[in-house]
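The structure is reproduced here in structure tokens:
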């Protein structure tokens, strides 16, 4: 199966967005500013990106 360059770039941007969001949470978690259980997804961004890319509007 071949994927377009644009689609692959979109997947990559999504993975980077997830990583940046998670990295921004580390300091507030360590400072105790976020006081809830946090299970970071670092290194597993491709899983969420791939699963979400495969979803259709009929999936719920």
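In our numbering, the protein residues as written are 1316 to 1375.
For each residue, glycine too, the CB sits at the ideal point set by N, CA and C.
All of these numbers come straight from a predicted model, not from anything done at the bench.
Three-way DSSP call (helix, strand, coil) for residue 1378 in this model: The structure shown has nothing for residue 1378, since the chain only spans 1316 to 1375.
Where residue 1321 falls, given that 16 or more other Cβ within 10 Å makes a residue buried: Classification of residue 1321: exposed, given that the 10 Å Cβ count is below 16.
Residue burial classification, residue 1357 (beta-carbon count within 10 angstroms, cutoff 16): Answer is exposed; the Cβ neighbour count stays below 16.
Presumed contact (8 Å Cβ cut-off) between residue 1363 and residue 1344, rounded CB distance: Not really, about 19 Å apart at Cβ, beyond 8 Å.
Alpha helix (DSSP H) runs contained entirely in the region 1330-1372, provided each spans 4 or more residues: The region 1330-1372 contains these whole alpha helix (DSSP H) runs: 1360-1369.
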